[in-house]
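*Asks:* 1094 is the number of the first residue of the sequence shown in the working numbering; add one for each residue after it.
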Amino acid sequence: MGTTIKDFGIVLKENDAGENSKRLILLTKTRGKAVVFARGAKGAKSKLSVPKLSYCEFVFYDGGQFLSLAQVSPIAQFGNIVQNYDAFCVAAFILELTDKMLLSNMDSEDALNLLLLALSRLDKSYEPSLIFGAFAFKMLQKEGFAPTTQNCALCQSPLTDIFEKMRFGSEGFLCTACAKRVQTIACSPKILAAVKYILDAPIEKIFNFKASPDILQVLQQIAILFLHHNVDSQLKSLDFF
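Laid out in structure tokens, this is it:
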């Protein structure tokens, strides 16, 4: 006999499943990443249609083979994001990156909190490139990928020795000599300070810093370079950037 389950979460990805149904990939508070089928959800008046970019309470039916969505109730909706093209592109990116980095049924409460905080900031018109860079580095750090902020990623020489001339490559911050061997982006001490802050700060504070637009643009660029090196599958949302 099946059981009914209540949980809270957000849709990371959805696909059509047959003529009228959808296959949803959710990030939930207690079950982590889960695949759920929503029968009849494609109908215009379906009660199982999940609003875009919304944190919801879900009721599932577990029949043993798969989860079926039985009820959905939005709790928080981030509707302002769709009014801003840059914010919407960043939202698409953080949803896709979360889906790619997390395995099914693993403990994902911190990832959910990070995701919801990022969407909340985007909804409140925070600088999209700040959200992009901070989210990318924090999510990768949580999954075991983080650039060193003390030494050159290749030769391990202290970054303080080349503070004004360092560059960022796909492996992380590099000294001048090592930077000649790979594709790099020039970095200032402010970029290093921003990355240090993101890696050291607790989730609830990672977006609580200010920087000039040019610094945030470089932060986004080095995050993309680091993503290409550390995330195996191609992220389609990076095409926006």
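Even glycine gets a Cβ: it sits at the ideal position worked out from N, Cα and C.
Using 9 Å as the threshold, is the C-beta distance between residue 1225 and residue 1312 below it?
*Replies:* The residue you call residue 1225 lines up with position 132 of the sequence shown. The residue you call residue 1312 lines up with position 219 of the sequence shown. Yes, they are a contact pair.
*Asks:* Buried or exposed, going by whether 16 or more other CB atoms sit within 10 Å of the CB of residue 1148?
*Replies:* Start at 1 with the first residue of the sequence shown, and residue 1148 comes out as number 55. So residue 1148 ends up on the buried side.
*Asks:* In the structure shown, what three-state DSSP assignment does residue 1135 receive?
*Replies:* Sequence index remark: in the sequence shown, residue 1135 carries index 42 (1-based). Of the three classes helix, strand and coil, the one that applies to residue 1135 here is coil, per DSSP.
*Asks:* When you compare only the Cα positions, how much space is there between residue 1333 and residue 1182?
*Replies:* For the purposes of this step, residue 1333 is taken as residue 240 along the sequence shown, with counting starting at 1. For the purposes of this step, residue 1182 is taken as residue 89 along the sequence shown, with counting starting at 1. Rounded to the nearest angstrom, the two C-alpha atoms are 6 Å apart.
*Asks:* Examine the Cβ distances between the region 1187-1205 and the region 1126-1146 and report whether three or more of them are shorter than 8 Å.
*Replies:* Verdict: yes, contact present.
*Asks:* What first and last residue would you give for the beta strand (DSSP E) that runs through residue 1108?
*Replies:* Position 15 of the sequence shown holds residue 1108. Element bounds for residue 1108: 1096-1110.
*Asks:* With burial defined as no fewer than 16 other Cβ atoms inside 10 Å of the residue's Cβ, what is the status of residue 1096: buried or exposed?
*Replies:* The residue labelled residue 1096 in the question sits at position 3 within the sequence shown. By the 10 Å Cβ count, residue 1096 comes out exposed.
*Asks:* Hey, out of 1326, 1250, 1237 and 1274, whose CA is closest to residue 1292's CA?
*Replies:* Stepping through the sequence shown from its first residue, residue 1292 is reached at position 199. Residue 1292 has its Cα closest to that of 1237, out of 1326, 1250, 1237 and 1274.
*Asks:* Distance, Cα to Cα, residue 1110 vs residue 1121?
*Replies:* Position 17 of the sequence shown holds residue 1110. Position 28 of the sequence shown holds residue 1121. Computed Cα separation, rounded: 21 Å.
*Asks:* Would you kindly report the start and end of the unbroken beta strand (DSSP E) that includes residue 1278?
*Replies:* Here residue 1278 refers to the residue found at position 185 when the sequence shown is read from its first residue. Where residue 1278 is concerned, the enclosing beta strand (DSSP E) stretches over 1277-1279.
*Asks:* Taking just the CA atoms, how far does residue 1141 sit from residue 1164?
*Replies:* Taking the sequence shown and counting its residues from 1, one reaches residue 1164 at position 71. Taking the sequence shown and counting its residues from 1, one reaches residue 1141 at position 48. If you take the alpha carbons of residue 1164 and residue 1141, they lie about 6 Å apart.
*Asks:* Rounded to a whole number of angstroms, what is the C-alpha to C-alpha distance between residue 1282 and residue 1135?
*Replies:* Walking along the sequence shown from the start, residue 1282 turns up at place 189. Walking along the sequence shown from the start, residue 1135 turns up at place 42. Cα-Cα distance, rounded: 50 Å.
*Asks:* Please go through the same chain and pick out, in chain order, the residues whose beta-carbon is closer than 6 Å to the beta-carbon of residue 1173, but skip the five residues on each side of it.
*Replies:* For the purposes of this step, residue 1173 is identified with residue 80 of the sequence shown, where counting begins at 1. Within the same chain, residue 1173 has close Cβ partners 1216.
*Asks:* Grouping DSSP H, G and I as helix and E and B as strand, with all else coil, what is residue 1169?
*Replies:* Here residue 1169 corresponds to residue number 76 of the sequence shown, with the count starting at 1. Residue state, collapsed to three classes: strand.
*Asks:* Tell me the residue span of the beta strand (DSSP E) that contains residue 1219.
*Replies:* Taking the first residue of the sequence shown as position 1, residue 1219 is located at position 126. Element bounds for residue 1219: n/a, residue is neither H nor E.
*Asks:* Check the DSSP bridge columns for residue 1125 and list the partner residues they point to.
*Replies:* The residue you call residue 1125 lines up with position 32 of the sequence shown. DSSP output for residue 1125 lists 1121 as bridge partner(s).
*Asks:* Please state if the CB of residue 1227 and the CB of residue 1300 are separated by a distance shorter than 9 Å.
*Replies:* Within the sequence shown, numbered from 1, the residue matching residue 1300 stands at position 207. Within the sequence shown, numbered from 1, the residue matching residue 1227 stands at position 134. Cβ distance < 9 Å, so residue 1300 and residue 1227 count as in contact.
*Asks:* Can you say whether residue 1231 is buried or exposed, counting buried as having 16 or more other CB atoms within 10 angstroms of its CB?
*Replies:* Within the sequence shown, numbered from 1, the residue matching residue 1231 stands at position 138. Looking at its Cβ environment, which holds 16 or more other Cβ atoms inside 10 Å, residue 1231 is buried.
*Asks:* Spell out the partners DSSP gives residue 1332 in its beta bridges.
*Replies:* By one-based count along the sequence shown, residue 1332 stands at place 239. Partner(s): none; residue 1332 has no beta bridge.
*Asks:* Taking DSSP as the reference, what is the three-state secondary structure of residue 1155?
*Replies:* Residue 1155 sits at position 62 when you count from the first residue of the sequence shown. If DSSP states are grouped into helix, strand and coil, residue 1155 belongs with the strands.
*Asks:* For the alpha helix (DSSP H) that contains residue 1309, what are its first and last residues?
*Replies:* As a first step, residue 1309 is located in the sequence shown; it is residue number 216 there, counting from the start. Its alpha helix (DSSP H) spans residues 1306-1323.
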